[in-house]
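S.K.:
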Amino acid sequence: MHAHPSGPVAVVVDVRHGDWRLGTCDLDGTVRVIATGQHGGMTPGKLLARLQARVGNLMRSLDGRVAGIGVAVPGPTADNRLVHATMLGWHDLEVARVAPTPDVPVVVGNDATMAAMAEARLHTPHPHTLLHVVVEVGVGGAFIVDGRPTPSARGLHGEFGHLPFGDPGVMCPCGARGCWAAAFDVPAVALRAKLRAEPDSRAWLHRLFTDPDPSPEARETRTALAADLGRGIAGLVNALDPDLVTLGGLAAQVRDASPAGFERAVHIGLMKVHRDRPPGVVAALAGENAPLVGVGLSVFDRVLDAEMLARWATRGPVTT
């Protein structure tokens, strides 16, 4: 089954560490990316104002089909606010300001959590438990049970990058020492690989992990980071016992840059009880669009009820 081409849509936004993406999501999770842009060096207030204008233009073009707005952001959220984005230095942002009018429903969620929800729904059969690990400019993820993220006291679940899997001598911008994410910090990676980083950190990391002819230093760095990722995933599997592990963002590229090193690190890090039947570790099905899919479907979870269907029915017949 597929969504009707004139049916309701969610307007969806994915704010990443260096750029943003805007599009629509249908009821079946189909995403269409309409616009993209960079925000490096931009204040968060200016970015939200720019996105509000873009969202408003897109909503007007959709002629009443918008059921709500979903925004995925690179950090923990609470009450439609971004609590903090450690690597960007953003704190307590009212992300719901992207809505051009106050009457439209808005869902704001952590990008990794939204991506994990998308993966849990896309895999067939649906896994009872799914561990989603994301590498972007840092590490994140979520643990999903029956299609939903596990609840937490303050909504700060899934901050896997701040588990103490790293060097205890390294202070993370989050305030903790020894964070796993510090291994993937771009300046540290560039120093290790003897390369010069670029303003678009995500694009630079992508090139590092996919370069078909890396320098010896870059190859050594890729091997080390693949092992870092594998060890961390082994620890999470030991703690959470998932049916399936999915790799989002750049995590699959990190693994594929040194598959043998990754697999060895996972194997030696697993408890014996997991080694005979380890969970599958697969690349995310939704790929780069996973946060958009997840936050779009979350909008429909929020608004799709009898009242919404009744309002939609009063729009009259639609044509294909």
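Following my numbering from start to finish, the sequence shown increments by one per residue and tops out at 320.
Ideal Cβ positions, reconstructed from N, Cα and C, are used throughout, including at glycine.
This structure is a prediction, so every number in the text was calculated from the model and none was measured.
So which of A290, G235, G287 has the shortest CA-CA distance to P279?
M.R.: Residue numbering aside, residue 279 sits at position 279 when the sequence shown is read from its first letter. With distances taken between Cα atoms, P279 lies closest to G235.
S.K.: I think L163 touches V186, with their Cβ atoms under 8 Å apart; what is that distance to the nearest whole Å?
M.R.: To locate residue 163, count along the sequence shown from 1; it is residue 163. To locate residue 186, count along the sequence shown from 1; it is residue 186. Wrong, their Cβ atoms sit about 20 Å apart, outside the cutoff.
S.K.: Assuming contact is defined by CB atoms lying nearer than 8 Å, are A115 and A290 in contact in what I supplied?
M.R.: Walking along the sequence shown from the start, residue 115 turns up at place 115. Walking along the sequence shown from the start, residue 290 turns up at place 290. It is a contact, given that the beta carbons lie within the stated cut-off.
S.K.: Using a Cβ distance threshold of 8 Å, determine whether the region 240-254 contacts the region 124-135, with at least three qualifying pairs required.
M.R.: Touching, per the Cβ criterion.
S.K.: What do you get for I268, buried or exposed, if any count of 16 or more other CB atoms within 10 angstroms of its CB means buried?
M.R.: In the sequence shown, the residue the question calls residue 268 occupies position 268. The residue is exposed, with fewer than 16 neighbouring Cβ atoms inside 10 Å.
S.K.: Is it right to say Q253 is buried, meaning 16 or more other beta carbons lie within 10 angstroms of its own, or is it exposed?
M.R.: Walking along the sequence shown from the start, residue 253 turns up at place 253. By the 10 Å Cβ count, Q253 comes out buried.
S.K.: Does the pairing of the region 195-203 with the region 150-163 give three or more beta-carbon distances under 8 Å?
M.R.: Contact fails: fewer than three Cβ-Cβ distances are below 8 Å.
S.K.: Among residues of its own chain, excluding the 5 on either side of P8, which ones have a beta-carbon nearer than 7 Å to its beta-carbon?
M.R.: The sequence position of residue 8 within the sequence shown is 8, counting from 1. If we look at P8 and ignore the five residues flanking it on each side, its Cβ neighbours are L27, R65, A67, W312.
S.K.: Is the CB-CB distance between A286 and V295 below 8 Å?
M.R.: Against the sequence shown, residue 286 aligns to sequence position 286. Against the sequence shown, residue 295 aligns to sequence position 295. Not closer than 8 Å, so no.
S.K.: Starting from F262, trace the beta strand (DSSP E) in both directions and tell me its first and last residue.
M.R.: Within the sequence shown, the letter at position 262 stands for residue 262. Where F262 is concerned, there is no enclosing beta strand (DSSP E), although the alpha helix (DSSP H) it sits in stretches over 259-269.
S.K.: If the criterion is Cβ atoms closer than 8 Å, does the pair A85 and R54 meet it?
M.R.: As a first step, residue 85 is located in the sequence shown; it is residue number 85 there, counting from the start. As a first step, residue 54 is located in the sequence shown; it is residue number 54 there, counting from the start. No. Outside cutoff.
S.K.: Count the other C-beta atoms from every protein chain shown that fall within 10 angstroms of the C-beta of H4, then say buried if there are 16 or more, exposed otherwise.
M.R.: In the sequence shown, residue 4 corresponds to position 4, counting from 1. The residue is exposed, with fewer than 16 neighbouring Cβ atoms inside 10 Å.
S.K.: Can you tell me the Cα-Cα spacing of K272 and R264, whole angstroms?
M.R.: The sequence position of residue 272 within the sequence shown is 272, counting from 1. The sequence position of residue 264 within the sequence shown is 264, counting from 1. Approximately 14 Å between the Cα atoms of the pair.
S.K.: Could you work out which residue in S298, D241, T223 is closest to G385 when comparing CA atoms only?
M.R.: This structure cannot settle anything about residue 385, because the visible part of the chain is limited to 1 through 320.
S.K.: On the three-pair Cβ rule with 8 Å, is the region 74-84 touching the region 214-222?
M.R.: The answer is no - the region 214-222 does not touch the region 74-84, with fewer than three Cβ pairs under 8 Å.
S.K.: Please name the residue in H17, G18, V12 whose C-alpha comes closest to that of T24.
M.R.: For the purposes of this step, residue 24 is taken as the residue at position 24 of the sequence shown. Of the listed residues, the one whose Cα sits closest to T24 is V12.
S.K.: Just to confirm my understanding: we take L22, look at its own chain, exclude 5 residues before and 5 after, and list those with CB closer than 6 Å. What are they?
M.R.: Mapped onto the sequence shown, residue 22 falls at position 22. Closer than 6 Å at the Cβ level, and outside the excluded window around L22, lie V13, I34, A35, R54.
S.K.: Would you check if the region 137-151 and the region 106-124 touch, i.e. whether three or more CB-CB distances between them fall below 8 Å?
M.R.: The answer is yes - the region 137-151 touches the region 106-124, with three or more Cβ pairs under 8 Å.
S.K.: Of the choices F160, L93, E119, whose alpha-carbon is the least far from that of V322?
M.R.: It is not possible to answer for residue 322, since the shown part of the chain is limited to 1 through 320.
S.K.: Can you grab the Cα-Cα spacing for the pair E136 / R50, in whole Å?
M.R.: The residue given as residue 136 occupies position 136 in the sequence shown. The residue given as residue 50 occupies position 50 in the sequence shown. For E136 and R50, the distance between alpha carbons rounds to 23 Å.
S.K.: Within 10 angstroms of its Cβ, does G70 collect 16 or more other Cβ (buried), or is it exposed?
M.R.: For the purposes of this step, residue 70 is taken as residue 70 along the sequence shown, with counting starting at 1. With 16 or more Cβ atoms within 10 Å of its Cβ, G70 is classed as buried.
S.K.: Given a threshold of 16 other Cβ atoms within 10 Å of its Cβ, counted over all protein chains shown, does E307 qualify as buried or as exposed?
M.R.: Counting from 1 along the sequence shown, the entry for residue 307 is found at position 307. E307 is exposed by the Cβ-count criterion.
S.K.: Three-state secondary structure (DSSP) at T314?
M.R.: Counted from its first residue, the sequence shown places residue 314 at position 314. T314 falls in the coil class under three-state DSSP.
S.K.: Under the three-state reduction of DSSP, which class applies to G7: helix, strand or coil?
M.R.: Taking the sequence shown and counting its residues from 1, one reaches residue 7 at position 7. In the structure shown, G7 sits in coil (DSSP, three-state: anything other than H, G, I, E or B).
S.K.: Determine, using beta carbons only, whether C172 and A181 come nearer to each other than 8 Å.
M.R.: Sequence index remark: in the sequence shown, residue 172 carries index 172 (1-based). Sequence index remark: in the sequence shown, residue 181 carries index 181 (1-based). Taking 8 Å as the Cβ cut-off, C172 and A181 qualify as a contacting pair.
S.K.: Name the DSSP bridge partner or partners of L247?
M.R.: If you number the sequence shown from 1, residue 247 lands on position 247. Answer is V133, A283, bridged to L247.
S.K.: Check the DSSP bridge columns for P149 and list the partner residues they point to.
M.R.: One-based indexing of the sequence shown puts residue 149 at position 149. Paired residue(s): I144.
S.K.: When you compare only the Cα positions, how much space is there between D211 and V189?
M.R.: Along the sequence shown, one-based indexing puts residue 211 at 211. Along the sequence shown, one-based indexing puts residue 189 at 189. When rounded, the distance between both Cα atoms is 15 Å.
S.K.: Spatial neighbours of L58 within its chain, please: C-beta separation below 7 Å, excluding the five flanking residues on both sides.
M.R.: Within the sequence shown, numbered from 1, the residue matching residue 58 stands at position 58. Cβ within range, chain order: V11, L22, I34.
S.K.: How about R97 and Q52: are their beta carbons less than 8 Å apart?
M.R.: The residue labelled residue 97 in the question sits at position 97 within the sequence shown. The residue labelled residue 52 in the question sits at position 52 within the sequence shown. Yes; because the gap between Cβ atoms is below 8 Å, this pair is in contact.
S.K.: Just curious, the alpha helix (DSSP H) that Q204 is in, first and last residue?
M.R.: Along the sequence shown, read from residue 1 onward, the residue named residue 204 stands at position 204. It is Trp, not Gln, that sits at residue 204 in the sequence shown. Its alpha helix (DSSP H) spans residues 201-210.
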